[in-house]
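Student:
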Ligand code: ADP
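Residue numbers (full-length UniProt numbering): 116 to 385.
1. Assign residue 128 to one of two classes, buried (16 or more other C-beta atoms within 10 Å of its C-beta) or exposed (fewer than that).
2. Answer with buried or exposed for residue 172, where buried requires no fewer than 16 other C-beta atoms within 10 angstroms of its C-beta.
3. Between residue 396 and residue 358, what straight-line distance do the alpha-carbon atoms span, to the nearest angstrom?
4. For residue 338, which residues of its own chain have a beta-carbon under 6 Å away from its beta-carbon, when the five flanking residues on both sides are left out?
5. From which residue to which residue does the alpha helix (DSSP H) around residue 263 run?
6. Enumerate in chain order the residues of its own chain whose CB-to-CB distance from residue 349 is below 6 Å, with the five nearest sequence positions on each side excluded.
7. Going by C-alpha distance, which of 280, 346, 323, 272 is nearest residue 299?
8. Out of curiosity, what's the CA-to-CA distance linking residue 293 and residue 199?
9. Is residue 306 close to ligand 1? I mean its beta-carbon at under 7 Å from any heavy atom of the ligand.
10. My parser needs the alpha helix (DSSP H) runs of 4 or more residues fully inside the stretch 147-228; what are they?
Next up, the structure:
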């Protein structure tokens, strides 16, 4: 990107010599634009569920004499409320990850634990979708970072792999060490992603197929959260996909040593 400089202060040193303090405003403008876009997108995305909630409340009111109808509308109201709750939690996750002054944990974390907690968090979803999740690859590796943020990132990939797979399919989560890095790959044999969408799926609120994604109840924020979480850990996310053949999302993180053992004396006290 080009550099745009503005003078923020001019100080005359001698009659013929002035000191000009310059600042690059491009970065500042870019961040400000991102913030404005985020607020605009978010308000737009919140309009639909908020509208649905108020329509359903009206519907319940006017069906007051019919208990069966009331029950149907109440169930839909509670589903919309849950969706709104999920959406706002994800918006907060993303905004936390995007602001550099929100510090993340920095400790040696076991990749086995990251993966196990992601698998556990999505066991019910996998059962409901009749998808079989297989954990493979190496054990005993560690990375540096925030265990919750990292297992949420793997969890988001897993949630998508399950959601976009047919019933009875298998999803794989593999771990391996490659050149001083750890790769966690989530592979599915589901619908896949068209080439034109492959870069865009990491954008906030982007859904490759609006109708289909809405049916799976997505927010369009999952992959954006994954990307920011991994970048905050000095890593990157890669995507390989073929429509009809499935997708593999790979999170690559710098390898770390295992956590330091506490001396036996301290361990007893802890
Ligand atoms: P969503 O909540 O809609 O799943 P994401 O940010 O997690 O939002 O993903 C963005 C879009 O990328 C999805 O709507 C879907 O179209 C596509 N996508 C993500 N993961 C997969 C996958 N494993 N297989 C097929 N399409 C996927």
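Ideal placement from N, C-alpha and C gives every residue a C-beta, glycine not left out.
Tutor: On the basis of the data shown:
1. exposed
2. exposed
3. Past the boundaries of the shown model lies residue 396; the chain is included only from 116 to 385, so the question cannot be answered.
4. 316, 317
5. 262-278
6. 369
7. 272
8. 40 Å
9. yes
10. 182-213
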